[in-house]
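Notes follow once the structure below has been shown.
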Amino acid sequence: MTLFHVNFPLTATLLTLLLLGHPIKTRGADEFSFDMTAFEKKALEWGGFAEVQIEHMDVGQDSAMARLNLYDQPRADLDRLSTALQLDGRYNRDITTFNWVVKATVQDDQLSWSDTLDLYEAVLELKPSSATSISAGKKSYKWGKGYAWNPAGFINRPKDANNPEEALEGYITAELDLIKSMSGPLRTLALTTVALPVWQGVNEDFGEENHINLAAMLYLLYRDTDIDLMLFEGESRSSRYGIDFSRNLASNFEIHGELAYTPELRQSFLQSDHTLASRERSALSTLLGIRYLTEGDLTAIIEYYHNGGGYTETELAQFLDLIQEGYSDFLNTGDASLLGLSEQVSQRGYGRPQPGRNYLYAKLTQKEPFDLLYISPGLTAIVNLDDQSWSLSPEVAYTGWTNWELRLRLSLSEGDALSEFGSKMFHNKAEMRLRYFF
Amino acid sequence: MTINRSISLVLATCCALLFSQSPALALDGNEILRQVDRNMQPESYEMYRKLINIEPDGKKKEFVLYSVKKGSNKMVALFLDPASEKGRATLRLDDNMWLYIPNVGKPLRITSLQSVVGGVFNNSDLLRLDYSLEYDATEISEEDDSYLLTLKARTSSVAYDSLKMTVDKKTLLPTTIECFAASGMLIKTLRYSKIQDFGDGMVRPAQLETDSPLYKGYTSVMLWAKLTKKELDDEVFTLNYLSKVEELR
Chain A
350 MTLFHVNFPL TATLLTLLLL GHPIKTRGAD EFSFDMTAFE KKALEWGGFA EVQIEHMDVG
410 QDSAMARLNL YDQPRADLDR LSTALQLDGR YNRDITTFNW VVKATVQDDQ LSWSDTLDLY
470 EAVLELKPSS ATSISAGKKS YKWGKGYAWN PAGFINRPKD ANNPEEALEG YITAELDLIK
530 SMSGPLRTLA LTTVALPVWQ GVNEDFGEEN HINLAAMLYL LYRDTDIDLM LFEGESRSSR
590 YGIDFSRNLA SNFEIHGELA YTPELRQSFL QSDHTLASRE RSALSTLLGI RYLTEGDLTA
650 IIEYYHNGGG YTETELAQFL DLIQEGYSDF LNTGDASLLG LSEQVSQRGY GRPQPGRNYL
710 YAKLTQKEPF DLLYISPGLT AIVNLDDQSW SLSPEVAYTG WTNWELRLRL SLSEGDALSE
770 FGSKMFHNKA EMRLRYFF
Chain B
202 MTINRSISLV LATCCALLFS QSPALALDGN EILRQVDRNM QPESYEMYRK LINIEPDGKK
262 KEFVLYSVKK GSNKMVALFL DPASEKGRAT LRLDDNMWLY IPNVGKPLRI TSLQSVVGGV
322 FNNSDLLRLD YSLEYDATEI SEEDDSYLLT LKARTSSVAY DSLKMTVDKK TLLPTTIECF
382 AASGMLIKTL RYSKIQDFGD GMVRPAQLET DSPLYKGYTS VMLWAKLTKK ELDDEVFTLN
442 YLSKVEELR
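Quick note, the sequences are listed as chains A and B, same order. For the first sequence, position 77 matches number 426 in our numbering, and the numbering has no gaps at all. For the second sequence, position 233 matches number 434 in our numbering, and the numbering has no gaps at all.
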């Protein structure tokens, strides 16, 4: 394919421009100055980033997800070029602030071309005092203390555990935020109350339509521990209750956790006769994590996640087996109906990221090893503890050029054929992402 | 008038005799430390800072922060520049520290020994509270024009186990601070310079330079500007407010 013939010269040109655009400066005596004029406050502030990402992926041709997605156009690998532009801004006047985030993406590979333009956030906020704010509009919520997962984030969009720091699209809500600071063991008390409607054309993907849902979070800073109590009440999704905490145990050691309880979780599941059914059961999810900084500047984030609403190893294997059976049918008879059913099952919950019960997440980042300033190698591992499958992503990021970030990452997935990571469409992926902030 | 002058003269003579004949009795390290704190920063204020990380080859990376502080234990810093860091905010309440990243959207707890800017400055340097809140003066000695204070961390959660602080006698401002780990290893040396009048009676250093044996050849510099008193509500120093700090400017 000609994709890389276009991309590599482009990349080389970009890198050359980067290097030429940032000549090495030398330090003279007493040269430090601080001109404040460029940093005076303006009513309108805006910024964002533009990025180019190049990926090469090797398809796991025997894997269930490759057979499901590529059964009629099998291939050994895939090269993808993606570009993205994210614009964010803020207009502030007196007690009124308007915030917005917009993201546009274009993606091209040998299978398809796509473009998107999404309004992630657009919120109007009134702040009559430091202790009170009222807002309405589209806003992204990130409740919970977990880094990779947030079982108690009842109105969060699910984040990508491999890129948990990326912006996510919000929901249209109305919010009241009240804060009270005190002296004594209870230092801060804050209540966030959110009304989240689901109507035709409004938050449709959240759940059942024609309901107004209520979510609330009570935050306490009590004896140097962050504690959040959350609840979600509504008809669009089943009611749920949660608590999380975070605390520094030492100057280099943080511990956090989440607990979420859903008394009546409604869930689709695949029956042994290959039909989809619905069930209702209680689900308790927990997360426990640490963040630790060693003397050698290695930061470790480790989290254990029990997904009470997840599928068991047997249930996931049953779904993957259905795909393999459907693929055999397709090869033998040309009938893709079982694969069609598999696609439906995938969309009803089995195909979401980390659909299983028990996971371990570890991210290790070494800051500037061997005195190489602004270079941070890292390693991210996600293990499905039930079926013993895993993904491993070594990466290196360079942030030495002001406002540029270069990241190289390799992702490997491994496991049995009927395991979560063993069934992934891509067995490995190499990516280079260049991002410019403005 | 004459009586008043006489009383003043007697008092001044007594003080001079007391200080000159019995310095150990007169010098209170913790009182000097509290005075250093008051001279370095008002009770409640805002300021702008530029951080410059300088590599051995002279290449620089710069950050600009807007900060507000209230009392001895509450501080917020908002990144204004570079664009890649803009909107990030850090909060400190006593020994608790959090980092807010706009995309991530929720404040993450951070620790004092980490560094959100790289280079030699760590989080406790960026969000420094009053020295007297974190350290106890255990020893004091005098040289010609300076006091040398030995400071011991009050709790194990303080970033540096001990400090050796040189304080100018005339201005009661710090000039050099050596920071040590519990093992006795020197972690970094801080050097204050460029005394500047920020107005409103605030005369203090406008530049801090630091280097570390752990980062051989690297230097980090902090510059201050527009340090002014500002009344602030306690609610400004909460997690819920971190996304709104820009509105304080």
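All C-beta atoms in this analysis are idealised placements derived from N, C-alpha and C, irrespective of residue type, glycine included. On a predicted model such as this, the values are computed, not experimentally measured, just so you know.
- In this structure, Ser421 (chain B) and Ile253 (chain B) form a Cβ contact; the two beta carbons are roughly 7 Å apart against a cut-off of 8 Å.
- Asn297 (chain B) carries a strand assignment under DSSP once its states are collapsed to helix, strand and coil.
- With a threshold of 9 Å between beta carbons, Trp492 (chain A) makes contact with chain B.
- The residue among B:Lys365, B:Lys251, B:Pro303 and B:Pro243 with its C-alpha nearest the C-alpha of Gly385 (chain B) is B:Lys365.
- Between the alpha carbons of Asp464 (chain A) and Leu434 (chain A) lies a distance of about 11 Å.
- By alpha-carbon distance to Thr748 (chain A), the top candidate from A:Thr574, A:Leu757 and A:Gly486 is A:Leu757.
- Ranked by Cα distance from Ala360 (chain B), the first of B:Met298, B:Arg405, B:Tyr393 and B:Thr377 is B:Met298.
- Note that the segment 404 to 416 of chain A does not touch the segment 470 to 477 of chain A; fewer than 3 beta-carbon pairs, one per stretch, sit closer than 8 Å.
- Under the Cβ distance rule, Tyr267 (chain B) counts among the residues neighbouring chain A, one pair being separated by less than 9 Å.
- When only Cα atoms are considered, Phe398 (chain A) and Gly698 (chain A) end up about 33 Å apart.
- For Tyr723 (chain A), same chain residues with a beta-carbon under 8 Å away, outside a window of 5 residues either side, are Glu717, Tyr747, Thr748 and Gly749 in chain order.
- Here the alpha carbons of Met406 (chain A) and Pro283 (chain B) stand approximately 34 Å from one another.
- Among the residues of chain A, none has a CB under 9 Å from the CB of Tyr393 (chain B); the nearest is roughly 13 Å distant.
- DSSP places Gln673 (chain A) in the uninterrupted alpha helix (DSSP H) bounded by Glu662 to Thr682.
- In the DSSP assignment, Gln408 (chain B) falls within the unbroken beta strand (DSSP E) covering Val404 to Asp412.
- Around the beta carbon of Gln315 (chain B), 16 or more other beta carbons sit within 10 angstroms, so the residue counts as buried.
- Of the candidates B:Asn441, B:Met423 and B:Thr339, the residue whose Cα lies closest to the Cα of Ser382 (chain A) is B:Met423.
- One alpha carbon belongs to Leu279 (chain B), the other to Val437 (chain B), and they sit about 12 Å apart.
- Considered as a whole, the segment 298 to 361 of chain B harbours 309 to 311, 336 to 343 and 347 to 354 as its complete beta strand (DSSP E) runs of no fewer than 3 residues, in chain order.
- Judged by beta-carbon spacing, Leu570 (chain A) lies within the 9 Å limit of Thr439 (chain B), meaning their Cβ atoms are closer than that value.
- Between Tyr420 (chain A) and Ala685 (chain A), the CB-CB gap stays under 9 Å.
- Counting the other CB atoms within 10 Å of its CB gives Glu603 (chain A) a total of 16 or more, which places it among the buried residues.
- Closest option to Leu334 (chain B), judged by alpha-carbon separation, among B:Glu448, B:Lys445, B:Glu232 and B:Val446: B:Glu232.
- Residue environment: Met414 (chain A) is assigned as buried (16 or more neighbouring CB atoms within 10 Å of its CB, all protein chains considered).
- Within chain A, not a single residue places a beta-carbon under 9 Å from that of Pro414 (chain B); the smallest gap is close to 12 Å.
- Here Ala290 (chain B) is buried: its Cβ has 16 or more other Cβ atoms, across all protein chains shown, within 10 Å.
- For Lys270 (chain B), not one C-beta of chain A is nearer than 9 Å to its own C-beta.
- Comparing alpha carbon positions, the residue from A:Thr714, A:Glu644 and A:Phe668 closest to Ile651 (chain A) is A:Thr714.
- Around the beta carbon of Gly418 (chain B), fewer than 16 other beta carbons sit within 10 angstroms, so the residue counts as exposed.
- Excluding sequence positions up to five before and after Glu582 (chain A), its CB lies within less than 6 Å of the CB of Leu563 and Ser588, all in the same chain and listed in chain order.
- Inclusion of Ser431 (chain A) and Asp467 (chain A) in the CB contact set at 9 Å is not warranted, their separation being larger than that value.
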